[in-house]
Amino acid sequence: MNAQARAERSPGRAFKLALIGTAAGAFSGLFGVGGGTVIVPLLVLWLGYDERTATGTSLGAIVFIAAFAAGTQGLYGNVKVLDGVLIGIPAIAGVTLGTRLQQRVSGPAISLLFAVVLLASAVDLVLR
Amino acid sequence: MIGAVLIGLAGGVLAGMLGVGGGVLFVPGLVAFLSLSQHQAEATSLLAIIPVALVGTYRQDRYGNVNRGDALMLGVLSLAGAAGGVALANALTGRVLRDAFAAFLVVVAARLVLRVRAGSQARPIDRSSSMH
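Taken in sequence, the protein lines are chains A and B. Just so we're aligned: 95 in the numbering used here is position 95 of the first sequence, and the numbers increase by one with no gaps anywhere. Count along the second sequence from 1, then add 1000; that gives the number in the numbering used here.
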């Protein structure tokens, strides 16, 4: 058994997955995001994932996390279903494009552009 | 309506490229362009994330980038955290939640910049044996 396979079976690994999942769920519920911001770096740092597998696995986990958090938010009456659909459907086209691009470009410029957009959004929110 | 479509497209591209559900763009977009409250924007963002993550997972799985067992484990083990996070969000005022979210965006932006500065540190680890 190589080191990789041993790592896959250790109880510490399950514990790390539980910690990552709980942290991602909390961030998702608190901020209305999927939790990939938490999951991707922790999979890379703690479990030795490469960036792409961390990204793909994170998306898989987010299906469950977002569905549960959205359902819970629905109980509070906060979900605007029509708006969610208007955004979610075109976003499918976006994610298809984004996934294709990810296989081809390293993406530093894209990352920096997103960083600027996020900072501008932060300023906009605080000034409201 | 065009605003919503554009928010969706942009968030989707981010999701596909960076592995997040697009929520970091959905939430401020819903607040800025569709005038939702912070609470409504976060809740609606979560709904919009579901199809994005579903399709993203399907695509990534075809490229062999999804460790299915771990994805399922993470999803199931996140439920308590998600319930706690939603309860906390609804215990906060819109003002506090908005400012906290803004701080979260700054952290995400900083992380993106740091990742770029670290250069191509993406370590290619062969995990093909552990997949599928």
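Note that CB positions come from ideal geometry on N, CA and C, so glycine has one too.
In the assembly as shown, B:I1002 is an exposed residue. Its beta-carbon has fewer than 16 other beta-carbons within 10 Å. Contact annotation: in the segment 1035 to 1064 of chain B, residues whose CB is within less than 7 Å of a CB in chain A are L1036, H1039, Q1040, A1041, E1042, A1043, T1044, S1045, L1046, L1047, A1048, I1049, I1050, P1051, V1052, A1053, L1054, V1055, G1056, T1057, R1059, Q1060, D1061 and Y1063. In the DSSP assignment, B:V1086 falls within the unbroken alpha helix (DSSP H) covering L1079 to A1091.
For A:G12, the closest Cβ of chain B is not nearer than 9 Å. Close to B:V1031, with beta-carbon spacing below 7 Å, are these residues of chain A in chain order: L125.
The Cβ neighbour count for A:G77, taken over all protein chains shown within 10 Å, is under 16; the residue is labelled exposed. Secondary structure of B:A1048 (DSSP, three-state): helix.
Counting along the chain, the unbroken alpha helix (DSSP H) around A:K16 starts and ends at P11 to F31. Not one beta carbon of chain B lies nearer than 9 Å to the beta carbon of A:L45.
The beta carbon of B:V1086 falls within 9 Å of a beta carbon belonging to chain A, placing the residue at that interface.
Under a 10 Å Cβ-count criterion, A:G34 is classified as buried, with 16 or more other Cβ atoms of the shown protein chains found around its own Cβ. Nearest in C-alpha terms to A:I87, of all of B:R1115, B:L1018, B:L1046 and B:G1081, is B:L1046. Of the other Cβ atoms in all chains shown, fewer than 16 fall within 10 Å of the Cβ of A:R128; this residue is therefore exposed. At a cut-off of 9 Å between C-beta atoms, B:V1005 counts as an interface residue with respect to chain A. Taken atom to atom, the span from the alpha-carbon of A:A67 to that of B:L1088 is near 18 Å. A:G21 and A:G36 have their C-alpha atoms roughly 10 Å apart. Neighbours of A:K80 across chain B, judged by C-beta separation under 7 Å: L1036, Q1040 and T1044. Apart from the 5 residues on each side of it in sequence, B:L1036 sits with its Cβ closer than 7 Å to the Cβ of L1030 and T1044 in its chain, given in chain order.
Around the beta-carbon of B:L1112, 16 or more other beta-carbon atoms lie within 10 Å, marking it buried.
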